[in-house]
Every structure is written in C-alpha cells, then in structure tokens.
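Taking it in order: structure first as structure tokens, then the write-up.
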Amino acid sequence: MPRRRTTPFSVALTAGAATGALLLGGCGGDATADPAPAPTPPATSAYHLLTPGTLTFALDVSYPPFEYVENGRPTGVDVELDTDLAHRLGLEPVFVNTPFDDLIATVDAGKADVISSTMTDRAGRQEKVDFVDYFIAGTQAMVAGGNPLGIAGASTWCGHRIATHAGTTNGDLVTAQSAACVAAGQAPVTLVDTANGQSQDAVLSGAADIGLEDYPSAVLTAAQSSGKVATAGDQLQPAPYGYGLAKRNTALRDALQRALQESIADGTYDAILKKYDVEAGALRTTALNGGA
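In short: position in the sequence shown from 1, add 21, done, that's my numbering.
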C-alpha cells in the first residue's frame, strides 16, 4: 500500500532533548547552527555519512504516531527507533524534515543518510534505493465504539457503508469486496467517498458504518477518540515499511539491518512499538527489499 498523503512542512531548527536528536527544517537548513559533530568511530568510516559521527535521517514529520513534532521536538515511533539504531552504531541521530515526495531524491543525492518516514517498500522504489524493512502496515477498519455491528474481516462488510477515499488502494479494496459480496449472493458494499484521514468523521456522524485508513493512523484515531471509535479486525493487504538507503551505501545498509535485528532481539524495538500502541505491525525478522 502506498504511504498516506504528503503534507507541506514548516518546522524550525529544534533540539530534541528527549532523544538527543536534532531536527532541521529542510535539506537546505543553516548548518552553522549545528553543534560540532563527534569524531567518527573507526568502524563507521565505510558508511559514507553525510556528517562524520552522525546518522542523518530524512523524514516528513507530519504523520503521527510515527513522526511528528511535539513541544518543538521531533518524536514518534520512527524517531525513537532511529535514535536507538544510531546509538547502536556509535552515532548521534539528526533528523531533516523533508517533503515525502522528495525523500528518495534527498538520499540519492547524499543530502541525508537514511529515509525513515513510513515509506512502503515497493518494487518500483527498489530501483532507486535499498530498503531495510522494519514494520508492517496495511488497511485498518474503524467502527463506532463497542463495534455494535460486529464488524471483523472484509467478509463482514457486505451490505454496509464504508467511508474511504475513492480511487485509492483502500477504495479499490472496497470495490473488490463489494463484487465478492454480490458473487456470494449478499448485499453489495456502498462506498462513501471521503478525504484521506476523515473516514472516522463519517463513522461518527452516522454517514458510514465503517471507515478505512492506514493502520497507524487508525490506531491513533481510536486511541484519541475517548472510546467513540474503535479498530475492528486485522490489517488488510499489509506491506512493509522500510528504511531507504542509497544503493551505493551497502555497508551502512547492512549495519543498519544488523542493528535493527539486535533491537528486535533485546526487546527495545517491541517496547517502542508498544508505547505507541502499534505492536500489531511488529516484525520478528528484518528483510532487505522485502516488498513487492
């Protein structure tokens, strides 16, 4: 599934005390404001880092709970995972706020070391960057609190109104399931066309029985709804999110994969996902370019 909407950004240069991270307002940020980097550990010399001693992550900080700004600081699942991985490599993390559509070009041009922005690992993108897969996310159904209609998997959607954005992967999923319902002799699904990120409003207003969003967004919406909205059923059509690295930087790619596997093994990875209630997307084994 393609990663969600892209959103313009505007974030000032900010120090992240909670993570020890630095957030830059864009790839052209004022480097004179940066603290002097620590000496590069000998083991990292093969990584071809943008700045010695630091691991520079490009991300679009507009997608909670994975990456967003809170009290002037970068935070979220990705920021905490990135900080953990950087430290395992003997490096300090730096975060460059970058529009989603520019992420691959930014890393390919050497203006950042790693893409860390819930980017779906897909075959077309693999032609430009290598991915270290770290999370699984798909489509998640949302319903009214308490799930009064007993919605579970897609087979229970027949005869119901589903809010999502037409013409997207989620919209195609609704169309396909409606056809399956009719073929099975059941009532079709009615698609209620809504803007991205607004399907929960249709559920709350009674205009739809079910809303479809990307899994992380749905989980956050449910958590912040005071019980008015709940997730229902498992993720559908899950696909991996991956760290994106320039194809020429195989040493850093392989080191990052090893660090991620270590984080999974010692429980740090799971603890971070659990903190943000997205542990259902956890991987047990990392993969390189595992998306289709």
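For every residue, glycine included, the Cβ atom is placed at its ideal position computed from N, Cα and C.
Proximity below 8 Å, CB of residue i to CB of residue j
i      : j      : result
Thr177 : Val117 : no
Arg224 : Ala184 : The question names Arg, but residue 224 in the sequence shown is Val. In contact: Val224 and Ala184 (Cβ atoms closer than 8 Å).
Thr75  : Glu101 : no
Tyr155 : Leu281 : yes
Gly311 : Asp151 : no
Thr215 : His186 : yes
Phe87  : Asp99  : yes
Leu110 : Ala308 : no
CA-to-CA distance, residue j to residue i, given in whole angstroms
i      : j      : result
Leu294 : Gly180 : 35 Å
Ala79  : Ala313 : 23 Å
Pro261 : Leu304 : 9 Å
Ser284 : Leu106 : 8 Å
Val250 : Ala67  : 49 Å
Lys296 : Gln245 : 14 Å
Tyr236 : Asp298 : 11 Å
Asp129 : Val135 : 10 Å
Ala286 : Ala173 : 32 Å
Ala158 : Pro73  : 33 Å
Gly263 : Arg279 : 14 Å
Gly302 : Ser238 : 12 Å
Ala144 : Leu273 : 21 Å
Pro209 : Gly167 : 24 Å
Gln207 : Val213 : 19 Å
Val115 : Gly218 : 29 Å
Thr252 : Asp122 : 29 Å
Arg182 : Ala243 : 19 Å
Gly288 : Val90  : 25 Å
Gly93  : Ala200 : 47 Å
Met140 : Val164 : 26 Å
Ala162 : Glu300 : 17 Å
His108 : Leu124 : 23 Å
Val153 : Gly188 : 29 Å
Ala292 : Val195 : 34 Å
Tyr290 : Pro95  : 18 Å
Ala57  : Gly131 : At Ala57 the pLDDT is 39, less than 50, meaning the model places this residue with poor confidence; the figure from the coordinates comes in the next sentence. So the alpha carbons of these two residues sit roughly 20 Å apart.
Which listed residue (the options) has its alpha carbon closest to that of residue i
i      : options                           : result
Arg146 : Ala133, Ala126, Gln161 and Val250 : Ala126
Glu241 : Pro73, Gly74 and Tyr84            : Here the sequence assigns Leu to residue 241, which means Glu is not the residue at that position. The residue with the shortest Cα to Cα distance from Leu241 is Tyr84.
Asp81  : Pro120, Asp151 and Ala208         : Pro120
Leu170 : Asp230, Gln258, Gly248 and Asn92  : Asp230
Thr190 : Gln258, Tyr290, Asp275 and Glu91  : Gln258
Asp193 : Val153, Gly93, Ala175 and Gly206  : Ala175
Residue burial classification, residue i (beta-carbon count within 10 angstroms, cutoff 16)
i      : result
Glu148 : exposed
Val203 : exposed
Thr160 : buried
Gln256 : buried
Gly232 : buried
Gly254 : buried
Ser138 : buried
Thr306 : exposed
Gln221 : buried
Glu324 : A question about residue 324 goes unanswered here, because the residues of the chain that appear run from 22 up to 313.
Val248 : In the sequence on display, residue 248 carries Gly and not Val. Classification of Gly248: exposed, given that the 10 Å Cβ count is below 16.
Ala205 : exposed
Gly97  : buried
Ala133 : buried
CB contact check: residue i to chain D, cutoff 8 Å
i      : result
Leu212 : Checking the listed chains, one finds no chain D in this structure; it contains a single protein chain.
Inspect the CB distances between the stretch 265 to 275 and the stretch 223 to 239 and report whether three or more fall short of 8 Å.
no
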